[in-house]
Each structure stands twice: as structure tokens, then as C-alpha cells.
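This report refers to the structure that appears directly beneath it.
There are 2 protein chains.
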Amino acid sequence: MMLSLSTVGRRATLWSVRTSRPFSHLNTVTTEDLAYFSKVLPPSNILSTLPPICTSHDDMVPYNVDWMGKYHGKANTILRPRTTHEVSEIVKHCASRQIGIVPQGGNTGLVGGSISLDKELVLNLGAMSRVRSFDPVSGILVADAGCILQSLSDHIAPHNHIMPLDLGAKGSCQIGGNISTNAGGLRLLRYGSLHGNVLGLEVVLPDGTILDQLSTLRKDNTGYDLKQLFIGSEGTLGIVTGVSILTPPAPQATNNVFLALPHFDNVLPLYQVVKRQLGEIMSAFEYMDRTAYDMALSHGLGPVLDAKEVGDSRCFVLIETSGSNEEHDLDKLNTLLESLMTADEPLILTGTLSQSPGQFESLWAVREGLTECVQKEGKPYKYDVSVPLADFQKVVDTVLERMVSMGLHGDHAVSKVMGYGHIGDGNLHLNVIAKRGYSSEIESALEPFIYELVASRKGSVSAEHGIGSMKTHALHYSKDSVNIEWMRKIKRVFDPLDIMNPGKVLS
Amino acid sequence: MMLSLSTVGRRATLWSVRTSRPFSHLNTVTTEDLAYFSKVLPPSNILSTLPPICTSHDDMVPYNVDWMGKYHGKANTILRPRTTHEVSEIVKHCASRQIGIVPQGGNTGLVGGSISLDKELVLNLGAMSRVRSFDPVSGILVADAGCILQSLSDHIAPHNHIMPLDLGAKGSCQIGGNISTNAGGLRLLRYGSLHGNVLGLEVVLPDGTILDQLSTLRKDNTGYDLKQLFIGSEGTLGIVTGVSILTPPAPQATNNVFLALPHFDNVLPLYQVVKRQLGEIMSAFEYMDRTAYDMALSHGLGPVLDAKEVGDSRCFVLIETSGSNEEHDLDKLNTLLESLMTADEPLILTGTLSQSPGQFESLWAVREGLTECVQKEGKPYKYDVSVPLADFQKVVDTVLERMVSMGLHGDHAVSKVMGYGHIGDGNLHLNVIAKRGYSSEIESALEPFIYELVASRKGSVSAEHGIGSMKTHALHYSKDSVNIEWMRKIKRVFDPLDIMNPGKVLS
């Protein structure tokens, strides 16, 4: 995902503010601190530009620059502890010295949450990558926070279990980071959110205390469920070091269909029919509008449907099923398609059911390829929002109308406004493509207009990606002042010195 | 569920402590307070023994005594607000006057969480029973906290949706109470916990502030997920007044099977086979040991299996499926049974598949009738614990062995020790029947032995029922001092005056 200029602009502003007013309450790592850390960690687990370590700039880059190359941190020291105890020792020292700490997982976030803003120490969890236990009967996995999502998937695959979440970044992202950012991803519709699937956490608090809530119980009503606070708080309340998570059995069969609909009015009725008919096997219900579909085709994806049959369809839907019996699932899908095709007032114009693993992949490719196509089309302004299902396309149309009415629609400015996303989750990816590059004119036409539009529908300005340092200015569009005040109170209780990921979530 | 004498004993002790040391920091409702409340609420929504209201003792009973008749409160005033604004006004007044408040839903809890301990005001949510909205497309229901669970089920049934939780108390319990106690119930295995299904809450905080987190979004990563703190905190952090909850589509078909296994060693392998073969349609996997099964039969339930085929089976399992296609589900169940029956080393001795709604009910009746049978057998000591699946029967056997070794096993003391519960959730109901009634000898043989046993397996001493006022002394068996200390800190942030359900959860 690219950063929109608007955000670059805002960030630049933030930076200048920060340069004139850095974290005055925090200290920077000195050679004395480094000497202390060297007693806790072996040299291989310390990177620092300070003597005697003197790590090269290049070796610091993977920790100081995010994967998109968008956020550039200034940490002079990176620590890679191997145990919870080591994390605790480091944090205790930082608390006593009032040194800021940025907890860092795979550094695959999209909002600058894992990059230092002002020379805070980076505490990277990558060296904590041990699976602590897996119980194939209950499906409960306990692992270090630094375990990479894909490696956990690989670990449990022989037992016919899967992780309850799946992300594009699975080869790099860490489970601790997934939890700290409340990652959603592709399996949320089926398996629910991490607030339901995480059974326990081990967290090092900002004073170095180890809060052990690493339960492997599905049911436990003994007092406040404190671990929930660390899910999605982006490392601002403490450092997740261990995770207990419920993993579901792997489905035995997966299938998908791709459908064309005349207009958005039919999408929600279709969603209802499909939910009822496919029931427990529906695992994805993905949406894209005509603009997105045509763009995919123009970039060589598909076609997955006959152009004549598609006609002037305005909307497309990809439905995936995951079940325990291929024959049953295909039977359900065929029955569904037949009833859709033969209805008196059909909701769909045409559709196709994948007949092979290859076809399954190519149907998905149209949906999954959209992000890449968007990048090729121009400079995208991307918004990751949640809105009520009924407003899904209306948000896109409203933005398009605004571009048209402001004379900004066309190859000279905004060539395309499109929407796609997860209907099942209410998560819309709104993409506005600036054909000739970002401009302040487009930017100011889009923001805060879109945030206000989303807020007017009681939506979320960040459905999945979080707040990080990028969206602190936009938090108030989705959370009122009472909520933000209470977030600040919670932050102060856990982190009165404001050393834990300072400047993130709450600016 | 009956109260064990042990707990009565402990409560009596607590009471005497409380009588000598009541809530000295709290004030009791006076006629002046009543005059204020009369400005906020109509007379019909105020009950008070104070003049000029002078409600009779009998009319106060439903609010001052829990449904089991176990906990007797001393509130002189009960308020039944109709709106969130009214709740807020009442709480503001109580905060200014430092009057304790007991939030009360259907009063169906099992641990005395909704009864006043020392003349605190009871704030009953029953008059807030409006469904605010239901979206049949997304399945998202928004309702007042005082809505009765069954009435919500009835409300969404015509749209083919069900509530994600189901409890024995559904005809009386309120959704706000369900959430405040993090109710589990019969559908947890299939639909997960309330931490995943609750999308938003509206809460009146102990200072009267309305915290509006009544989101209808499935995905929202904008800051801390504060609402999670109110799920399961038993009204000690604030009063839940509104709820947004995700409701799943109603299954089109339900079926069940009842199986006999030679010994517990086969239960977990069976659970794995069933999980794999039934996959997404498995909605319950209930367990009972031989003692429980025989007891059920002796009370006229069943028999559901042929006695000869049952032989000396030690364990029994009830499996339920819920799916969208009856034919497919029966096919899966038949295939499962066939493979179980014809295996070279069968895991089961015999089993039966219900062939009609009547048979479906009678299979369930054996499991669901256990609670009533237990009551008829004598005075039961009941424990609601979570333990790792592998330890399920071991906990029961260990307790039985202890009774035997202490000479307490037999009709003169403990006639039966049995276990049943939800294998899928790891939730064991351990029942110890004192044939001739409770005795301090039995009690001291059981406690703290059982709590320590559960703690030694990292289990939970309260899987579902919560802590309330009954188990505050046992909290430390499942939560260490760091956790409890942090619970206290959270309590102090939200409720520095300690007016909100004082003496509950944290004593």
C-alpha cells in the first residue's frame, strides 16, 4: 500500500512539529546504557551506532525503515532479546532511565507504528521465535511473540490445523505484531477476530513487570480480561512476548464462485441468500465494483466471465467456501448457482464456479491482483474504512461525484475512483487514482471529506491498519472525546512515564 | 445450581466481617436522595422502603433476593431507569453522594454478583428493554441492556438469525447481564465468546459519563478496544446500558449422536476424529462419566443405548451438529458412525443417531437432566472449572480417590463424585454429592483441595459463573498477584470512589 501525499504532507507537518518539540521527556540511549544492555544480551543481539558496537547504517536500515520505505526512524540502538526475562530487564532499565521504546515485530505495518519517531530504542522481537507448545486435541498453540505467522502455520499444518488469521504479509509478520495491531485479514469472516481467538498473552509492562496471562483455557471468568487491552493497542501499553491462541481445524475442501450483478442494490440481497444457502461453509464474500473489475481485466487478469453475459454489470462478487466435505460443498454451491440463475428476478447476470485448483486461483487472482493494478494505474490515495454494508458503494459514488463536480475527474487528475473489499466484514478499500501523480488540489478535495463522510455513517477511518503514527490526527473521526479521554487514562495507568511506543495511537 | 455449604459457610464468615466492617466509605440512600430520584424517574420505576414510597418488603424481594434464594440483599431502594440518560443522572447523583450501586439484570447469576451486600442502591435495567435496531443483512443487533435474551432471540428469529449465546436462564437473563458476566453457555463452541461477538457497548461509567462505543462495525482498529473491559467485569467498572452484537444465521438442520466409550483415554482421540470429520457442522461435544450416566438412568432418563452394548463403558459423549443442509449433515454423521463402528481398534463401544426431533430431544435430555438428578441425589458440592482437556477426568478421579482415602466415600458421606461438561470448551462440571447433607468434614476435604488441584493444572476456578461476591476469596487460585494488582488499578481508574458494585470480583 502506498502512502497518499496527503498523509505525507501531514506527516511532514508532524515531523516539523516534532523537530521543534521532540520527546523532551525522554532520554536517548547512551554508551552507558549500551554497556548495561551488553550485560543482558550477547553482542549478536545488539545493533547500535554507538561505540563500541558501531553498527553500520545499512545494517540498521531493516529496523529503522519500514517495509514500504515510507517511515524513517532515528533509533541509534536496536535490541533483539531472546527471552521474556531479557525483555523485562531491558524495559526496567529503560523505565529507570526514561528511554522511549518502540516494540517491533515484522515491521510490516502500514501506519508507521513500529518505527521510532525520535531516537527511541527499537526492541525487535524477532529473536523470540520459539513455539512453546501445541495441543493437537484442543488446537491451542502457545508461542513466542516473535514467531512468524507463516512458520506457525507450517508448525501446525501436519496436525491439520490452520492459524485463525491469514495476511498478505504472513511470510514476515510476527504473531505478536498481529496481536498488537489486531490484524484482521482474510479469515476474519469465518473465524472471527483476535479478541475471540486469543486465549492468553504474556506481556512486559512499561515498568518491566511481566504480566502472565498465558492461559490455555477457552473459558475463564475470574476477574477482568486484561489481555484484551493489549490486542490492538499497537505496543503503547506494553510489549507482547507470548501468545496463546486457538487454531481451527484445516478445511478439507475449498471452492469459489465469481458472480456479476447488475447493480449494488442486488449485492446485499445476494449476501443474505448466500449466507442462508451456504451457511457454515462460506469463508469469504468479496466485493469489487465495475471500475475495479475493468481495471483488473485491462491489466491481464481474468477474464473469468463471458464479456457478453457480463453486459453492463456494475458489481462483482467472489464467494469462497471452506468445508470438510468436497462433494457436499460443491452440491451446495451448484444448488446455489442454479437457484440464482433460474430465479424469476435473478439477482445476478452471470457467474462461474471454479472447476480446478488452477481456476480457483485465477478467480482469486482478480480480487487479489487489484492492489498491484492500482499501483500501476497512477498514484493511489487509499482508504481502509469500515462502513455499514448498505453504504458500501454509496461512499465510493459520493467521492466520485465530488471529483466530477470539482472538475477533478479525468486523466488530468483523478482517473479512477473505485471500491472493493470484504462485504462480510464491512471493510471497504476505497481507492482514488491520481493518474498524473499526487496533488494538493486532489488531496484537499479528498480530506477531510472522506473522513467526515465515514464519520457521518458511524464508520471507522481505520478498519484494519490501525492508527500508528500516521492516523493519530484522524482518530477523532471514529472515536469521540470521551473515548479518547479514556484511552489516555488507560495509557497513563500502564505507562505513566510515556516511554512505550510514544507518539503512536495517541499523539 | 445449589450453593455448597462450604460457600454458605464462607459467606457467613464474610457477612460477619462485613457487619463489623461495612462499606464505611459509602452512604445509604436517604429520603433526600429519594426526592432527587423522584425527579428523574416516575413513581412506578422507584421501589423504596423509605417514605413517601414505602414499598412493601414482599415487593422488594425480587430485587433483594437472587433467583436461588441464596443471597439476601439489604437495599432500601431499587431504581428502574428507562433510558441511558436516566441511568447517567442517577449515577451522577450517587457519585456526588458516594452511594454504592449494584447494577442488576435478570438476577439469574450464580455467584451473588447482582445483590447488594450492604444497603447499596440496586439499579435494575429491566425497564430498558427496547430493541434499537436489527440489520438482517449483517445480522447486527443493537439493543438496550435490559432486553431479555429470549425476547431478542424471538425478535431476530423471523429473519433466520439466532443469538450467538444460549443459556438455561434465557427466559429471564438480560443481555446486559450476559455481557457483564461474559456468559458462555451452549453455543460457545460454535460461535465463540462474547469478546468476539460483541461489536459495541454503551456504558455509564461510575461518574455518570456515558461512554458510547455502540459501534456496528465488525472491524475497527482506531485505538484501544475499551469495551472489552466491561465484558465479564460484573458491573464493577460501569453499567452496560446498550449492546451491539453480531448474530449468526440460524442453522437449517440440527442432529445429534450419543456414544459410549470404554474409557477416558479414548475421548480425546474421538474428539479429534469428530472435529476432522464433522468439521464446520459440529456444534456441541458434551461429556459425562459413567457415574453421571448411571445416575441419569436411575432417575428415568434414557436409556438411549442398549445396556448390553454399553457394557462397562466408562465415558459417554453427546455430539450435536448444526448445519445448512440436513441431507449433507446426516451423510457426514452416518459416515462418521460407520467409520467409528468398523475401525480395527474402535474408539467407541456403541452409539446411536437420533432419527427424529423426539429422539433428538431425548438424547439431549440425558445430558441436560443431570443438574436436576444431582439435586435429587443429595446435597451437591458443585464446581464450575476449566482444566486442560487431558486432565478432565483425572480431576474427578483425584477427588474421588481423596474421598475414598479419607473414609468419606459411601452413603454415610459422599455417595457420588462425577464429572460432566463441555469437552469442546474445556469446561468441567465437577459434582460431589453429600448423600446425607452438607458437613464441615466433607467441606474441608474438598476445599481448598479442589481449588489447588485446578490451580496446579493452570485451570480456572470459575469457567463461566464469574466471581461475584461468592468467589472473591478464590480469585487468587486462577490469577496471580500481578494480575490482581492490575485489576485493582483498573478498578481504581474507573471507580476511584468504589461505588460501583462494591465488594464484587475484588474484595
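The listed protein sequences correspond, in order, to chains A and B. The first sequence begins at 1 in the UniProt record's numbering and counts up one residue at a time. The second sequence begins at 1 in the UniProt record's numbering and counts up one residue at a time. Beta carbons are placed, not taken as given, at the ideal position from N, Cα and C, and that holds for glycine.
At a C-beta separation below 9 Å, Met60/B has no neighbours in chain A, since its nearest C-beta there lies roughly 29 Å away. Counting along the chain, the unbroken alpha helix (DSSP H) around Ser88/B starts and ends at Thr84 to Arg97.
Per DSSP, the beta bridge partners of Ser48/A are Thr77/A. In this structure the segment 98 to 112 of chain A does not lie against the segment 48 to 59 of chain A, because fewer than three pairs of beta carbons, one per stretch, are closer than 8 Å.
Closest in C-alpha terms to Asp144/A, from the list Gly200/A, Cys315/A and Ser129/A, comes Ser129/A. Considering only Ser324/A, Ile179/A and Val240/A, the residue with the shortest C-alpha distance to Val273/B is Ser324/A. Within the same chain, Gly378, Asp411 and Ser415 come within 6 Å of Lys435/A by CB-CB distance, once the 5 residues on both sides are set aside. The beta-carbon of Pro303/B is placed no less than 9 Å from the nearest beta-carbon of chain A. Proximity of the segment 237 to 253 of chain B to the segment 131 to 141 of chain B meets the contact definition, three or more beta-carbon pairs being nearer than 8 Å. Under DSSP, Leu123/B shares a beta bridge with Leu79/B and Pro103/B. For Gln393/A, the closest alpha carbon among the candidates Leu26/A, Val404/A, Met418/A and Glu372/A is that of Met418/A. Look at Gly112/B: its C-beta is not under 9 Å from any C-beta on chain A. Within the segment 178 to 205 of chain A, complete beta strand (DSSP E) segments of at least 3 residues are found at 198 to 204, given in chain order.
In the DSSP assignment, His422/B falls within the unbroken beta strand (DSSP E) covering Val414 to His422. Judged by DSSP in its simplified three-state form, Asp212/A adopts strand. Across the set Tyr451/B, Met500/B, Glu441/B and Val505/B, the C-alpha of Val505/B shows the shortest separation from the C-alpha of Thr472/B. If you check the CB distance, Gly466/B and Glu286/B do not come in under 9 Å. DSSP places Phe449/A in the uninterrupted alpha helix (DSSP H) bounded by Phe449 to Ser456. In this structure, the beta-carbon distance from Val482/B to Leu428/B does not fall below 9 Å.
In the DSSP assignment, His429/B falls within the beta strand (DSSP E) that extends over Asn427 to Ala434. Ala260/A and Asp329/A have their alpha carbons spaced roughly 21 Å apart. When 9 Å is used as the limit between beta carbons, Ile148/B is near no residue of chain A, the shortest such separation being about 21 Å. Shown here, Gln355/B sits in coil according to DSSP, grouped into three states, outside any helix or strand.
By the 16-neighbour rule on beta-carbons within 10 angstroms, Asn334/B is exposed.
Legend: CB atoms of the segment 211 to 229 of chain A lying less than 8 Å from CB atoms of chain B belong to residues Leu211, Asp212, Gln213, Ser215, Thr216, Leu217, Arg218, Lys219, Asp220, Asn221, Thr222, Gly223, Tyr224, Asp225, Leu226, Gln228 and Leu229.
The alpha carbon of Glu326/A has as its nearest neighbour, out of Gln359/A, Gly279/A and Asn255/A, the alpha carbon of Asn255/A. The segment 83 to 92 of chain A makes contact with the segment 206 to 213 of chain A: 3 or more CB pairs, one atom from each, lie closer than 8 Å. Taking 9 Å as the CB threshold, Ile348/A stays off the interface with chain B.
Under the Cβ criterion of 9 Å, Asp265/B is not counted among the residues facing chain A. Going by C-alpha positions, Glu361/A is about 25 Å away from Pro262/A. If you draw a straight line from the Cα of Met487/A to the Cα of Leu201/B, it comes to about 15 Å. Using a Cβ-Cβ cut-off of 9 Å, Thr209/B counts as an interface residue toward chain A, since at least one Cβ of chain A sits closer than that to its own. Note on Gln355/A: under 16 other CB atoms within 10 angstroms of its CB, so exposed under the neighbour-count rule.
Excluding five sequence positions before and after Leu400/B, the CB atoms of its chain that fall closer than 8 Å to its own CB belong to His409 and Val417, given in chain order. Per DSSP, reduced to three states, the secondary structure at His161/A is strand. For Met487/A, the neighbours in chain B by C-beta distance under 9 Å run, in chain order, Gly223, Tyr224 and Leu226.
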